[in-house]
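K.L.:
Dropping the structure in here first, questions after.
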Amino acid sequence: MLTPDTWTKSSFSGGGQGDACVELARLGTRVAIRDSKDRARAPLSLPADVFTAFISGLKTDAREPRA
19 MLTPDTWTKS SFSGGGQGDA CVELARLGTR VAIRDSKDRA RAPLSLPADV FTAFISGLKT
79 DAREPRA
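Right under this line is the structure:
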């Protein structure tokens, strides 16, 4: 079971609506992802390697110029 102290969020999540962010929890070989505005809803769970590839893709996309 995931407890409140299991979840983490970015240190950049603090201004204005500080509760409007994505939270992550490590579950063995998986990463759980949830919306902090709807904590009662079931989290999305991905294999850790898939989550890592997703984040790498986001970082790569952020560095590429937009057309």
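Numbering-wise, this note's numbering comes out as the position in the sequence shown, counting from 1, plus 18. Just so you know, even glycine gets a beta-carbon here, dropped at the ideal spot from N, CA and C.
Let me know if Glu41 comes out buried or exposed under the rule of 16 or more other beta-carbons within 10 Å of its beta-carbon.
P.N.:
buried
K.L.:
From this set, Phe30, Thr24, Ala50, which residue's C-alpha is nearest Pro65's C-alpha?
P.N.:
If we check each option's Cα against that of Pro65, Ala50 comes out closest.
K.L.:
Please determine, among Ser74, Asp56, Ser31, Ser63, the residue with the shortest C-alpha to C-alpha distance to Gly46.
P.N.:
Ser63
K.L.:
Taking a contact to mean a Cβ-Cβ separation below 7 angstroms, would you say Ala43 touches Lys55 in this structure?
P.N.:
no
K.L.:
Going by beta carbon distance, what residues of the same chain come within less than 6 angstroms of Trp25, once the five residues before and after it are set aside?
P.N.:
Glu41, Ala43
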